[in-house]
Amino acid sequence: MLSGWSTKGKLACPMCLKDTYFVRLPNSKKQCYMGHRRFLPMSHKWRNDINSFDGTKELQLPPPYVDGHAILNQVKDLEGKILSKDFKKRKKDIS
């Protein structure tokens with residue numbers, strides 16, 4: 001898991017990013033993430049299992065692998081910004 005990554009909301013999956021598939025539950029208004037069968041191999045039996053999951057077959061391919069260079073390009077604009085509320089706070093020396 002990435003440090004500081006939110007595991008809630010529309011971008012909860014750090015692998016899927018903008019392609020995170022979610023369904024809003026009608027009674028509780030919570031988001032449920034159902035589309036992670038796409039990480040299974042195409043021939044896996046769970047991809048076609050409509051009874052055990054949400055009533056659909058999973059036909060999507062997994063999202064493309066994001067390497068370190070792509071992540072650095074995404075966060076290059078954050079350089080020089082303070083991401084912590086208390087930037088002067090330091091950890092105590094353990095020794």
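Per full-length UniProt numbering: the sequence shown = residues 1 to 95.
Ideal Cβ positions, reconstructed from N, Cα and C, are used throughout, including at glycine.
Boundaries of the alpha helix (DSSP H) in which residue i is found, first to last residue
i: Ala12; result: Element bounds for Ala12: n/a, residue is neither H nor E.
i: Gly68; result: 68 to 75
For residue i, the three-state DSSP class (helix, strand or coil)
i: Gln31; result: strand
For residue j and residue i, believed in contact at Cβ under 8 Å, the rounded distance
i: Leu11; j: Arg38; result: In fact, because the Cβ distance is near 17 Å, the residues do not count as touching under 8 Å.
i: Cys32; j: Val23; result: 5 Å
i: Met34; j: Asp54; result: 5 Å
Option in the options with minimal Cα separation from residue i
i: Pro64; options: Glu58, Asp19, Cys32; result: Asp19
i: His36; options: Asp67, Cys13, Asn51; result: Cys13
i: Tyr21; options: Leu59, Asn73, Asp77, Val66; result: Leu59
i: Lys30; options: Gly68, Val66, Thr7, Lys57; result: Thr7
Chain C within 7 Å of residue i, Cβ atoms only
i: Pro26; result: The structure shown has no chain C; it contains just one protein chain.
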